[in-house]
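J.: After the structure tokens below, expect a handful of questions from me.
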Amino acid sequence: MNASDAPSPGGELRRPRVVTIDGPAGCGKSTVVARLSEWLGARGVATVGFSTGLVYRGLTWCALERGIDLADARAVRALLRGVELGGVELRVVELRGELRVEVDGHDPGEALRTTRVTDAIHWIADDPEVRAALLPLQRALPAGPVILSEGRDLGTVVYPDAAVKVYLTASLEERARRRHSEFRDRLGEEISLEEVQERIRRRDEHDSEREAAPLRPAEDAVVIDTTTLAPEAVVEEILAEFPDDWFPPAAPSGAGGGADE
Ligand code: DC
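Right under this line is the structure:
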């Protein structure tokens, strides 16, 4: 039995309804997940968002906190041997419609998104053994809600049988502009636009060229270039891919349902 299968209260198997949204840094994945979740929530469809990069970020953050040399693959792999052997306890927990990653029982929050962590992730993300060890964590999903998952290899490796697969792209310049505002507004980090662009370029190169689960669209993914598209337009294209039975049956006319925009 697959780790992500779960029996429903009625006894039958209810597979998680997974939407994979892959793509490079700054292509709009998180914005699209937030808008999709809002749109679906307003229509009675429960969702849970999962930024799978948090799993990689959690492990990287832990290694940095413990002073482990990330270039030492054996020391990093040892972290995954379980708490009883001095390893880290990584847990995926649901919190207000999102899956979060707890490291040794606590959520490091925004610390996971700092450039200190982002710059060091490649040591972990490049290692096939580490990637394989992190798969079960990403696959143990709640069975009821629609899972809006974002990452790099979700459609190709993590959830190859997902019902809806999306791959977002955008020009490097546009992605750098979006990330730059995020660093300033959300993380309070002072960093120039040129520097953000250069970091993203290097990370793209790394994510696309690594041997283990490189960044690329699944063959059955719908590819959307978001460079000049408003988030609403992207959401509309994605919703067109949803199976009809993910939506509650339409209310009979005259039942006073919410107005459509
Ligand atoms: O989505 P993000 O920026 O939080 O991801 C950070 C890094 O984690 C990304 O550059 C590569 C790695 N990652 C990965 O290898 N596979 C995923 N499914 C998600 C993230």
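Residue numbering for the sequence shown follows the numbering used here, beginning at 12 and increasing consecutively.
For every residue, glycine included, the Cβ atom is placed at its ideal position computed from N, Cα and C.
Just how far apart, CA to CA, sit threonine 125 and alanine 261?
T.: Locating residue 125 in the sequence shown gives position 114, counting from the first residue. Locating residue 261 in the sequence shown gives position 250, counting from the first residue. For threonine 125 and alanine 261, the distance between alpha carbons rounds to 44 Å.
J.: Quick one, are the C-beta atoms of aspartate 138 and alanine 84 less than 9 Å apart?
T.: Against the sequence shown, residue 138 aligns to sequence position 127. Against the sequence shown, residue 84 aligns to sequence position 73. Against a cut-off of 9 Å, the Cβ pair of alanine 84 and aspartate 138 comes out as a contact.
J.: If you check the beta carbons only, do glycine 37 and alanine 181 fall under 9 Å apart?
T.: The sequence position of residue 37 within the sequence shown is 26, counting from 1. The sequence position of residue 181 within the sequence shown is 170, counting from 1. Yes; because the gap between Cβ atoms is below 9 Å, this pair is in contact.
J.: Verify the contact flag: serine 62, CB atom, against every heavy atom of the ligand DC, threshold strictly below 8 Å.
T.: Start at 1 with the first residue of the sequence shown, and residue 62 comes out as number 51. Serine 62 has its Cβ nearer than 8 Å to a heavy atom of the ligand DC.
J.: Flag glycine 155 as yes if its beta-carbon sits less than 9 Å from any beta-carbon of chain B, otherwise no.
T.: Although the question refers to chain B, the structure presented lacks it and comprises just one protein chain.
J.: Quick check on aspartate 236: does DSSP put it in helix, strand or coil?
T.: For the purposes of this step, residue 236 is identified with residue 225 of the sequence shown, where counting begins at 1. Aspartate 236 sits in a strand when the DSSP states are folded into three classes.
J.: Report the rounded CA-to-CA distance for aspartate 231 versus lysine 176, giving the unit in angstroms.
T.: As a working mapping, residue 231 is identified with position 220 in the sequence shown. As a working mapping, residue 176 is identified with position 165 in the sequence shown. Taking the straight line joining both Cα atoms gives about 7 Å.
J.: Taking isoleucine 32 as part of the beta strand (DSSP E), name the residues at either end of that continuous run.
T.: Here residue 32 is taken as the residue at index 21 of the sequence shown, counted from 1. It spans 28 to 33 - the beta strand (DSSP E) in which isoleucine 32 sits, taken as one unbroken run.
J.: With a CB to CB cut of under 8 Å and the five nearest residues on each side skipped, what residues in its chain are close to alanine 270?
T.: Here residue 270 refers to the residue found at position 259 when the sequence shown is read from its first residue. With a pLDDT of only 41 at alanine 270, under 50, the local geometry of the prediction cannot be trusted, and the value read off the model is given with reservation. Hits under 8 Å: none found.
J.: Return yes when the C-beta of arginine 107 is under 8 Å from any heavy atom of the ligand ADP, and no when it is not.
T.: This structure lacks the ligand ADP; its bound ligands are the ligand DC.
J.: Between histidine 191 and the ligand DC, is the CB less than 8 Å from at least one heavy atom?
T.: In the sequence shown, the residue the question calls residue 191 occupies position 180. No; taking the cut-off as 8 Å, the Cβ of histidine 191 has no heavy atom of the ligand DC nearer than that.
J.: Under the assumption that glutamate 185 contacts isoleucine 32 (Cβ atoms under 8 Å), give the Cβ distance between them as a whole number of angstroms.
T.: In the sequence shown, counting from the first residue as 1, residue 185 sits at position 174. In the sequence shown, counting from the first residue as 1, residue 32 sits at position 21. That pair is no contact at about 17 Å.
J.: How is alanine 270 classed by DSSP in three states: helix, strand or coil?
T.: For the purposes of this step, residue 270 is taken as residue 259 along the sequence shown, with counting starting at 1. Residue placement at alanine 270 is flagged as unreliable, the pLDDT there being 41, under the threshold of 50; a coordinate-derived value is accordingly withheld.
J.: Do aspartate 115 and valine 99 have their C-beta atoms closer together than 9 Å?
T.: On the sequence shown, residue 115 is found 104 positions in, with the first residue counted as 1. On the sequence shown, residue 99 is found 88 positions in, with the first residue counted as 1. Yes, the pair counts as a contact, with Cβ atoms nearer than the cut-off.
J.: According to DSSP, tyrosine 178 sits in a beta bridge with which residue or residues?
T.: If you number the sequence shown from 1, residue 178 lands on position 167. In DSSP, tyrosine 178 forms a bridge with Asp33, Val234.
J.: To the nearest angstrom, report how far apart proline 20 and alanine 244 are at their CA atoms.
T.: Taking the first residue of the sequence shown as position 1, residue 20 is located at position 9. Taking the first residue of the sequence shown as position 1, residue 244 is located at position 233. Bear in mind that the predicted position of proline 20 carries a pLDDT of just 49, short of 50, making it unreliable; the figure below should be weighed with that in mind. Straight-line Cα distance between these residues: approximately 37 Å.
J.: Here's the rule: buried if 16 or more other CB atoms are within 10 angstroms of the residue's CB, otherwise exposed. What is glycine 267?
T.: Here residue 267 refers to the residue found at position 256 when the sequence shown is read from its first residue. Here the model assigns glycine 267 a pLDDT of 46, short of 50, so the residue's position is not dependable, and the following value carries that caveat. When all chains shown are included, glycine 267 counts as exposed.
J.: Whole angstroms is fine: what's the gap from aspartate 172's alpha carbon to leucine 226's?
T.: Numbered from 1 along the sequence shown, position 161 holds the residue referred to as residue 172. Numbered from 1 along the sequence shown, position 215 holds the residue referred to as residue 226. In this structure, the alpha-carbon of aspartate 172 lies about 17 Å from that of leucine 226.
J.: Does DSSP put serine 249 in a helix, in a strand, or in coil?
T.: What you label residue 249 is simply residue 238 of the sequence shown in a count that begins at 1. According to the sequence as given, residue 249 is isoleucine; it is not serine. In the structure shown, isoleucine 249 sits in a helix (DSSP, three-state: H, G or I).
J.: Report the three-state DSSP secondary structure of glutamate 10 (helix, strand or coil).
T.: The structure shown does not extend to residue 10, since the chain is modelled only from 12 to 272, so the question has no answer here.
J.: Buried or exposed for alanine 224, please, with buried defined as at least 16 other CB atoms from any protein chain shown within 10 angstroms of its CB.
T.: Along the sequence shown, read from residue 1 onward, the residue named residue 224 stands at position 213. So alanine 224 ends up on the buried side.
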